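Protein sequence lines correspond, in order, to chains A and B.
Quick note, the first sequence lines up with residues 11 to 120 if you use our numbering.
Quick note, the second sequence lines up with residues 98 to 209 if you use our numbering.
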Amino acid sequence: QQPVQSPQAVILREGEDAVINCSSSKALYSVHWYRQKHGEAPVFLMILLKGGEQKGHEKISASFNEKKQQSSLYLTASQLSYSGTYFCGTEKNSGYALNFGKGTSLLVTP
Amino acid sequence: NAGVTQTPKFQVLKTGQSMTLQCAQDMNHEYMSWYRQDPGMGLRLIHYSVGAGITDQGEVPNGYNVSRSTTEDFPLRLLSAAPSQTSVYFCASSPGAYYGYTFGSGTRLTVV
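Okay, structure coming up:
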């Protein structure tokens, strides 16, 4: 079952902040975040695990509320390079694949 | 280190034809998945595998078959192509739970 993302689209000016939300109706094992540029493949940003451990490699942060089965991606002081579509992916347990949301389109303008 | 390689990049099929989309990874990843991407629908899971010899269905498996005889390869077979299967197909792999997925560059398939 696909997680639900909000908002569907965001337009920012360079330097502004944004929050993208992801929620699931089922208990989650982990939440992944990916960014996809137009015409390219999705690229892994970070993973948040049940228990609070966070792994990632970009200057973008995220949170994971296990009780509410929700995650939020925080983009602060946005840069032009942040433009793209952001997807959250959820795992219900080890041994299962990711189910992705429909994505949030982010456009950062000068 | 090539990562995840998908072939072909583009393909046009006639309705009723069959074909195999190839996916290979050289990272010794256990988990592999196939997704289709359609405008406004996000990435929808077709089939996945958590190791050689193990496959399972995702949310949109009808009309597709997979097998995983080796760790490296995870081909997706379209049995009898239909216009509704026109889409961009992505293969992705991961070392396993706790790790992110690496995606291939995709195959753009058009069924006429």
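The C-beta atom is built at its ideal place from N, Cα and C for all residues, glycine as well.
Here the structure is a predicted model, which is why all the values come from computation and not from measurement.
Option nearest residue i by Cα separation, candidates the options
i	options	result
S82 (chain A)	A:F97, A:S93, A:S88 and A:Y92	A:F97
G203 (chain B)	B:G150, B:C188 and B:A179	B:C188
S146 (chain B)	B:W131, B:L140, B:G160 and B:E156	B:W131
L140 (chain B)	B:A194, B:V208, B:Y196 and B:V185	B:V185
T207 (chain B)	B:M116, B:G148 and B:V101	B:M116
Y195 (chain B)	B:T104, B:Y128 and B:D153	B:Y128
L176 (chain B)	B:E169, B:P105, B:N162 and B:S166	B:N162
Chain-order list of residues whose beta-carbon lies under 6 Å from that of residue i (same chain, five-residue window excluded)
i	result
I21 (chain A)	L117
A87 (chain A)	G25
D123 (chain B)	A99
Three-state secondary structure (DSSP) of residue i
i	result
L90 (chain A)	helix
Q182 (chain B)	helix
R205 (chain B)	strand
R141 (chain B)	strand
L108 (chain A)	coil
V157 (chain B)	coil
A37 (chain A)	coil
N75 (chain A)	strand
E101 (chain A)	strand
T210 (chain B)	The requested residue 210 (chain B) is not part of the displayed model; chain B covers only 98 to 209.
Element boundaries [beta strand (DSSP E), containing residue i]
i	result
I70 (chain A)	Looking at the DSSP string, I70 (chain A) is not in any beta strand (DSSP E), and its letter there is neither H nor E.
A19 (chain A)	A19 to R23
F54 (chain A)	V53 to L59
Y84 (chain A)	Q80 to L85
N162 (chain B)	Y161 to V163
T112 (chain B)	Looking at the DSSP string, T112 (chain B) is not in any beta strand (DSSP E), and its letter there is neither H nor E.
Q122 (chain B)	M116 to Q122
D135 (chain B)	Y128 to D135
Neighbourhood of residue i by C-beta, 7 Å cutoff - its chain only, sequence neighbours within 5 removed
i	result
H126 (chain B)	S190, S191 and P192
A28 (chain A)	V20, L22, L85, S88 and L116
Local Cβ density within 10 Å of residue i, reported as buried at 16 or more and exposed below that
i	result
G113 (chain B)	exposed
R45 (chain A)	buried
H48 (chain A)	exposed
N159 (chain B)	exposed
I151 (chain B)	exposed
L58 (chain A)	buried
Own chain, CB closer than 8 Å to residue i, minus 5 neighbours either side, in chain order
i	result
L142 (chain B)	S130, W131, Y132, G155, E156 and V157
K111 (chain B)	A178, V208 and V209
Residue-chain proximity (residue i, chain C), Cβ-Cβ < 8 Å
i	result
H42 (chain A)	Here the protein chains are A and B, and chain C is not one of them.
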